[in-house]
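Chains as they are written, first to last, in the numbering used here: chain Z, 1 to 113; chain B, 1001 to 1114.
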């Protein structure tokens, strides 16, 4: 039973355009959501997060949107750059139950010059 | 600030052999996690320590996997005996107590069981 799902295994975008990565979850107890970026042979690195009391969080080129009623979040990257090419993982946590993260399966983003 | 250190980076073993991985978390991070990432999937939590105590090991296959964090700092994860399906990247992460701030992953150990 996958509690966090990323239904698109890959996404290809032209440099300068917007990248939109999607994530769905089923556990209504999740109250904190994170996006991680992973390059080959490296561990995931934290990108941006959002608490369930918010519906948007922005950090430079990265914006995360949360739709609690739909149990859906998305990561927008604008403008996309070739260096953004990586695997992106969505993760969720029920902070009342501890700090374990439940991850989605990842989306491979390719930004073409 | 030094990151989460893991060794070895790569390991190839035959099935039924044993293997151990080592992790040194960020200084001051009381919470340490081991995750297993099978190719094409997201990381899955195996065990969580707070200092040297186990917080959650519900997803650790205890018949073959064990982990310890004796002095509340570095940690080892062992598999004995290994199976083919244990082939994965084993990621260690650490964080400050009580929060997700600074939740940092190491580069992982890629295990191949043949």
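Using N, Cα and C, we set each Cβ at its ideal position, and we do this for glycine too. Bear in mind the structure is a predicted one, so any value in this text is a computation, not a measurement.
Contacts of residue i in chain Z (Cβ-Cβ under 7 Å)
i	result
residue 1072(B)	Result: empty, since nearest Cβ-Cβ is about 17 Å, beyond 7 Å.
residue 1008(B)	Neighbours of residue 1008(B) on chain Z: none; closest Cβ ~13 Å, over 7 Å.
Simplified DSSP state of residue i, which is helix, strand or coil
i	result
residue 59(Z)	strand
residue 96(Z)	helix
Contacts around residue i, its chain only, beta-carbon distance under 6 Å, and the 5 residues preceding and following it disregarded
i	result
residue 50(Z)	33, 57, 64, 66
residue 108(Z)	10, 87
residue 26(Z)	3
residue 92(Z)	4, 25, 30, 33, 102
residue 1110(B)	1010, 1089
residue 22(Z)	74
Under 8 Å by beta carbon: chain B residues contacting residue i
i	result
residue 100(Z)	1033, 1045, 1048, 1056
residue 51(Z)	Per Cβ cutoff of 8 Å: no residues; residue 51(Z) is ~10 Å from chain B at best.
Neighbour list for residue i in chain Z, Cβ cutoff strictly below 8 Å
i	result
residue 1107(B)	41, 42, 43
residue 1095(B)	99
residue 1091(B)	43, 44
Contact list for residue i against chain Z, beta-carbon separation under 9 Å
i	result
residue 1040(B)	9, 105, 106
Proximal residues of chain B, C-beta to C-beta of residue i below 9 Å
i	result
residue 88(Z)	Within chain B, no residue comes near residue 88(Z); the closest Cβ sits about 10 Å away, beyond 9 Å.
residue 32(Z)	1100
Neighbour list for residue i in chain B, Cβ cutoff strictly below 7 Å
i	result
residue 46(Z)	1103
residue 85(Z)	The premise fails here: residue 85(Z) is roughly 18 Å from chain B at the closest Cβ pair, so nothing lies under 7 Å.
residue 93(Z)	1100
Beta-carbon contacts of residue i that lie in its chain and below 7 Å, excluding the five residues immediately before and after
i	result
residue 1084(B)	1015, 1113
residue 20(Z)	74, 76
residue 78(Z)	18, 61
residue 85(Z)	109, 110, 111
residue 1103(B)	1093, 1095
residue 1071(B)	1052
Same chain, Cβ closer than 8 Å to residue i, neighbours up to 5 away in sequence not counted
i	result
residue 71(Z)	24, 25, 26, 28
residue 52(Z)	30, 31, 32, 33, 66, 68
residue 99(Z)	93
residue 95(Z)	31, 32
Rounded distance between the beta-carbons of residue j and residue i, thought under 8 Å
i	j	result
residue 48(Z)	residue 55(Z)	Residue 48(Z) to residue 55(Z), Cβ: 14 Å. No contact.
residue 1013(B)	residue 1019(B)	5 Å
residue 1044(B)	residue 1059(B)	7 Å
residue 1037(B)	residue 1092(B)	No, residue 1037(B) and residue 1092(B) are not in contact; Cβ-Cβ is about 11 Å, not under 8 Å.
residue 1067(B)	residue 1022(B)	Contact doesn't hold; Cβ gap of about 11 Å is too wide.
residue 1041(B)	residue 1082(B)	Not quite, the Cβ-Cβ distance comes to about 19 Å (not below 8 Å), so this is no contact.
residue 43(Z)	residue 1028(B)	Not quite, the Cβ-Cβ distance comes to about 19 Å (not below 8 Å), so this is no contact.
Can you list, in chain order, the stretches of the alpha helix (DSSP H) that have 4 or more residues and sit fully within the segment 1025 to 1097 of chain B? Qualifying alpha helix (DSSP H) stretches: none in this window.
Which runs of the beta strand (DSSP E) spanning at least 3 residues fall entirely within the segment 15 to 48 of chain Z, listed in chain order? If we require 3 residues or more, the beta strand (DSSP E) runs fully inside the segment 15 to 48 of chain Z come out as 19 to 25, 32 to 38.
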